[in-house]
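Everything in the sequence shown is counted per our numbering, starting at 274 for the first residue and increasing by one. Virtual Cβ for every residue (Gly too), placed ideally from N, Cα, C. A quick note: this is a predicted structure, and the numbers were derived from the prediction, not measured. Have a look at the structure below, then the notes.
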Amino acid sequence: MSTNAAAAAKPSHWGNLLQGLQKMGRSLQLPIAVLPAAGIVNRLGQPDVFGADGLGWTNVAKVFAGAGGALLDATLGLPLLFCIGVAIGMAKKADGSTALAAVAGFLVYRGVLNQFPVDCPDGQALAGNQCVDYAAKAAANATYQNPGVFGGIIMGLLASFFWVRFHRTKLISWLGFFNGRRLVPIIMAFVGIVFAVLCLWVWPPIGDALESFSSWLEGLGAVGSGIFGVVNRGLLVIGLHQFLNVPMWFQFGSYTKPDGQVVHGDINMFLSGDPSAGIYQTGFFPIMMFALPAACLAMVHCARPERRKVVGGMMLSLALTSFVTGITEPIEYSFMFVAPVLYAVHAVLTGVSMTVTWALGVKDGFSFSAGLIDYAINWGLATKPWMIIPIGLCFAAVYYAIFRFAITKWNLPTPGREPEEEAAELERENVK
């Protein structure tokens with residue numbers, strides 16, 4: 274092989290960086306997968322369900338609220354979940370010792386932060402990086418600088434790095450008990466101390482800057498929501514959309530609950546009853562429940578007659594998955610690369626949906642994704658949730674018309690319209 278050919282075969286630095294970021298994005302999906310259970314359990318504990326304003330089972334409501342709240346807690350539960358998920362996802366051949374090392378480092382890091390509370394005037398507590406009013410009975414809540422999920426993610430990255438680097442290390446014979454995997458949690462305890470001290474120094478200005486950016490984007494109102502929608506779908510192409518979702522959904526913004534507890538992130542704020550939350554969630558419901566299933570129907574109708582039955586069964590499954598659960602990637606990847614212009618239109622229309630719903634005063638949210646399950650469960654927390662149905666039907670009509678026109682006009686190779694050789698190969702694979 275020539276030098277030039279070898280250089281071409283070797284991944285570029287940018288390629289390695291992109292692969293690493295994609296791996297990081299997949300790692301972020303692991304803790305996010307826990308959220309459906311957390312959201313459902315937390316919702317059952319709300320006053321209008323099992324609580325005083327619903328069935329009146331107040332003690333049962335406390336059980337569910339406590340269970341769901343533990344996972345959604347922005348100071349412990351969520352950061353710890355992200356810490357473990359990232360550590361396992363990023364480390365090669367990770368095992369239970371990777372998670373143990375991450376937990377050890379995280380608990381030390383959080384314990385150090387707790388030793389340096391931020392002084393707030395009487396009757397106030399720290400929310401993000403600002404002192405806000407709170408109920409006197411919540412004096413122990415949010416009284417220290419809290420990097421939140423960012424801190425958990427960084428601790429997870431550190432745990433994966435040190436685990437890969439030291440999990441096979443051999444010490445001198447009389448310290449042999451601490452060889453390899455047993456050594457990494459010890460290392461992470463000291464890493465947690467160093468990282469916590471660093472956070473005490475550098476996090477306040479970083480946190481202020483992030484809160485300012487969040488406030489600026491939220492201040493744009495419907496336009497800011499639309500920008501988020503377009504960028505979210507755009508980043509999905511390279512698997513980096515979670516880098517945008519995590520700060521917006523779990524870190525930026527703050528809401529003080531009636532009991533004085535401060536929560537962060539658009540999802541947690543919505544589930545905690547913040548009437549102004551949902552700006553980065555609402556517009557996904559019309560797209561995921563109605564528009565993309567309509568796109569599936571258009572692709573079925575555009576398929577060749579001999580392929581229509583097979584494609585119809587596949588698209589029905591994908592459409593139901595999108596409608597019920599809000600998982601849309603299988604649909605989007607079915608046309609993303611064969612019809613990139615259609616995907617660009619889809620990204621823009623997602624932004625339009627985000628803008629339109631917010632401009633009309635519709636406010637809704639989810640614990641996992643914008644599907645029927647979250648739509649039904651969170652109906653009582655939403656503002657004008659009924660409007661999502663007519664808005665969604667309008668977007669469904671638009672998507673169907675655009676997809677059918679574009680596919681037939683430019684002969685796009687969407688499922689069912691592949692070249693005959695490729696279709697034959699797909700048939701053989703289905704038979705196997």
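Just how far apart, CA to CA, sit GLY526 and VAL519? As a first step, residue 526 is located in the sequence shown; it is residue number 253 there, counting from the start. As a first step, residue 519 is located in the sequence shown; it is residue number 246 there, counting from the start. If you take the alpha carbons of GLY526 and VAL519, they lie about 12 Å apart.
If you count every other CB in all the chains shown that lies within 10 Å of the CB of PHE516, and 16 or more means buried, which is it? One-based indexing of the sequence shown puts residue 516 at position 243. Taking every protein chain shown into account, the CB of PHE516 has fewer than 16 other CB atoms within 10 angstroms, so this residue is exposed.
Kindly indicate which residue of THR331, VAL611, PRO688, GLY453 has the alpha-carbon position closest to the one of ARG580. As a position in the sequence shown, residue 580 is number 307, starting the count at 1. Closest option to ARG580, Cα to Cα, is PRO688.
From what residue to what residue does the alpha helix (DSSP H) around VAL322 run? Numbered from its first residue, the sequence shown carries residue 322 at position 49. Membership of VAL322 in any alpha helix (DSSP H) is not indicated, and neither H nor E is assigned to it by DSSP.
How many Å lie between GLN388 and ALA469 at the Cα? If you number the sequence shown from 1, residue 388 lands on position 115. If you number the sequence shown from 1, residue 469 lands on position 196. In this structure, the CA atom of GLN388 is about 10 Å from the CA atom of ALA469.
For the beta strand (DSSP E) containing SER527, list its first residue and its last residue. Counted from its first residue, the sequence shown places residue 527 at position 254. Counting along the chain, SER527 sits inside the beta strand (DSSP E) bounded by residues 527-529.
For ASP547, does the count of other Cβ atoms within 10 angstroms reach 16, so buried, or fall short, so exposed? The residue given as residue 547 occupies position 274 in the sequence shown. ASP547 is buried by the Cβ-count criterion.
What residues in its chain sit with their C-beta under 8 Å from that of VAL496, if we drop five residues either side in the sequence? Residue 496 sits at position 223 when you count from the first residue of the sequence shown. The beta carbon of VAL496 sits closer than 8 Å to the beta carbons of THR628 from its chain, once the five residues preceding and following it are set aside; these are given in chain order.
Three CB pairs or more closer than 8 Å across the segment 457-476 and the segment 365-378: The segment 457-476 vs the segment 365-378: in contact.
On a CA-only basis, which of TYR606, LYS636, ALA576 is nearest ILE680? Give me that one, please. As a first step, residue 680 must be located in the sequence shown, where it is residue number 407. Residue nearest to ILE680 within the set TYR606, LYS636, ALA576 is ALA576 (criterion: CA-CA distance).
Where PRO494 falls, given that 16 or more other Cβ within 10 Å makes a residue buried: For the purposes of this step, residue 494 is identified with residue 221 of the sequence shown, where counting begins at 1. First, the residue type needs correcting, since residue 494 is Gly and not Pro in the sequence shown. GLY494 should be labelled exposed.
Report yes or no: do three or more beta-carbon pairs, one from the segment 549-564 and one from the segment 650-665, lie closer than 8 Å? The segment 549-564 makes contact with the segment 650-665: 3 or more CB pairs, one atom from each, lie closer than 8 Å.
Expressed to the nearest angstrom, what Euclidean distance is found between the alpha-carbon atoms of GLY401 and ILE479? Residue mapping note: residue 401 aligns to position 128 of the sequence shown, counting from 1. Residue mapping note: residue 479 aligns to position 206 of the sequence shown, counting from 1. Its pLDDT being 46, under 50, GLY401 is placed unreliably in this model, and the value from its coordinates should be taken loosely. So the two alpha carbons sit approximately 11 Å from each other.
Relative to the alpha-carbon of VAL573, which residue among GLY665, ARG690, SER640 has its alpha-carbon at the smallest distance? Mapped onto the sequence shown, residue 573 falls at position 300. Of the residues GLY665, ARG690, SER640, the one whose Cα lies closest to the Cα of VAL573 is ARG690.
Using only the alpha-carbon positions, how far apart do GLN319 and ILE650 sit? For the purposes of this step, residue 319 is taken as the residue at position 46 of the sequence shown. For the purposes of this step, residue 650 is taken as the residue at position 377 of the sequence shown. It is roughly 11 Å from the alpha-carbon of GLN319 to the alpha-carbon of ILE650.
Using three-state DSSP, classify HIS514 as helix, strand or coil. Taking the first residue of the sequence shown as position 1, residue 514 is located at position 241. Correct three-state label for HIS514: helix.
CA-to-CA distance, THR555 to ALA674, given in whole angstroms: In the sequence shown, counting from the first residue as 1, residue 674 sits at position 401. In the sequence shown, counting from the first residue as 1, residue 555 sits at position 282. Roughly 23 Å separates the two Cα atoms.
Which complete beta strand (DSSP E) runs does the segment 589-629 hold, if anything under 3 residues is left out? The qualifying runs do not exist here; there are none.
In angstroms, rounded to a whole number, what distance separates the CA positions of VAL464 and LEU345? Here residue 464 refers to the residue found at position 191 when the sequence shown is read from its first residue. Here residue 345 refers to the residue found at position 72 when the sequence shown is read from its first residue. Each residue's Cα considered, the two are about 25 Å apart.
Same chain, Cβ closer than 8 Å to ALA408, five either side skipped, listed in chain order: Position 135 of the sequence shown, counted from the start, is the residue given in the question as residue 408. For ALA408, the predicted model reports a pLDDT of 46, less than 50, meaning its position is unreliable; a value from the coordinates is still stated below. So the list reads PRO531, ASP532, GLY533, once near-sequence residues are dropped.
By alpha-carbon positions, which one of ILE552, ALA343, GLY499 ends up nearest to GLY624? Counted from its first residue, the sequence shown places residue 624 at position 351. Nearest option by C-alpha distance: GLY499.
Could you tell me whether the Cβ atoms of GLY599 and ASP637 are closer together than 9 Å? Walking along the sequence shown from the start, residue 599 turns up at place 326. Walking along the sequence shown from the start, residue 637 turns up at place 364. No, Cβ-Cβ distance for GLY599 and ASP637 is not below 9 Å.
Roughly how many angstroms separate the alpha carbons of ARG506 and GLY339, rounded to a whole number? Taking the sequence shown and counting its residues from 1, the one referred to as residue 506 is at position 233. Taking the sequence shown and counting its residues from 1, the one referred to as residue 339 is at position 66. C-alpha separation (whole angstroms): 34 Å.
What are the boundary residues of the beta strand (DSSP E) that includes VAL536? Within the sequence shown, residue 536 is the residue found at index 263, counting from 1. Counting along the chain, the beta strand (DSSP E) containing VAL536 begins and ends at 535-537.
ASP321 versus GLY653 - alpha carbon distance: For the purposes of this step, residue 321 is identified with residue 48 of the sequence shown, where counting begins at 1. For the purposes of this step, residue 653 is identified with residue 380 of the sequence shown, where counting begins at 1. One C-alpha to the other measures close to 8 Å.
Quick one: grab the DSSP three-state call for THR687. If you number the sequence shown from 1, residue 687 lands on position 414. The answer is coil: DSSP assigns THR687 none of H, G, I, E or B.
Measuring straight from C-alpha to C-alpha, what distance separates PHE558 and ASN452? Start at 1 with the first residue of the sequence shown, and residue 558 comes out as number 285. Start at 1 with the first residue of the sequence shown, and residue 452 comes out as number 179. Note on geometry: alpha-carbon atoms of PHE558 and ASN452 lie some 51 Å from one another.
Which residue from THR529, HIS537, ILE511, LEU508 puts its Cα closest to that of MET521? As a first step, residue 521 must be located in the sequence shown, where it is residue number 248. If we check each option's Cα against that of MET521, HIS537 comes out closest.
Could you tell me if SER640 is buried or exposed, where buried requires 16 or more neighbouring beta carbons within 10 angstroms of its beta carbon? Sequence index remark: in the sequence shown, residue 640 carries index 367 (1-based). Classification for SER640: buried.
Quick check on this structure: which residue in CYS569, LYS443, LEU473 has the alpha carbon closest to the alpha carbon of LEU726? This structure leaves residue 726 out entirely; the chain is present only between 274 and 705.
Within the same chain, show all residues whose beta-carbon is closer than 6 Å to that of PHE355, passing over the 5 residues directly before and after it, in chain order. Within the sequence shown, residue 355 is the residue found at index 82, counting from 1. Around PHE355: PRO304, VAL422, GLY425, ILE426.
Is DSSP giving THR555 helix, strand or coil here? As a working note, residue 555 is residue 282 in the sequence shown. Here THR555 carries a coil assignment [DSSP, helix/strand/coil].
Segments of 4+ residues assigned as alpha helix (DSSP H) that fall wholly inside the segment 420-505: If we require 4 residues or more, the alpha helix (DSSP H) runs fully inside the segment 420-505 come out as 421-439, 456-492.
Report yes if the C-beta distance between ALA347 and ALA334 is below 9 Å; otherwise report no. Reading the sequence shown from its first residue, position 74 is the one you call residue 347. Reading the sequence shown from its first residue, position 61 is the one you call residue 334. Against a cut-off of 9 Å, the Cβ pair of ALA334 and ALA347 comes out as no contact.
Taking its Cβ as the centre, do 16 or more other Cβ atoms sit within 10 Å of LEU328, making it buried, or is it exposed? For the purposes of this step, residue 328 is identified with residue 55 of the sequence shown, where counting begins at 1. Counting other Cβ atoms within 10 Å of its Cβ, LEU328 stays below 16 and is therefore classed as exposed.
Classify LYS636 as helix, strand or coil using the three-state DSSP reduction. Working through the sequence shown from its first residue, we reach residue 636 at position 363. Residue state, collapsed to three classes: strand.
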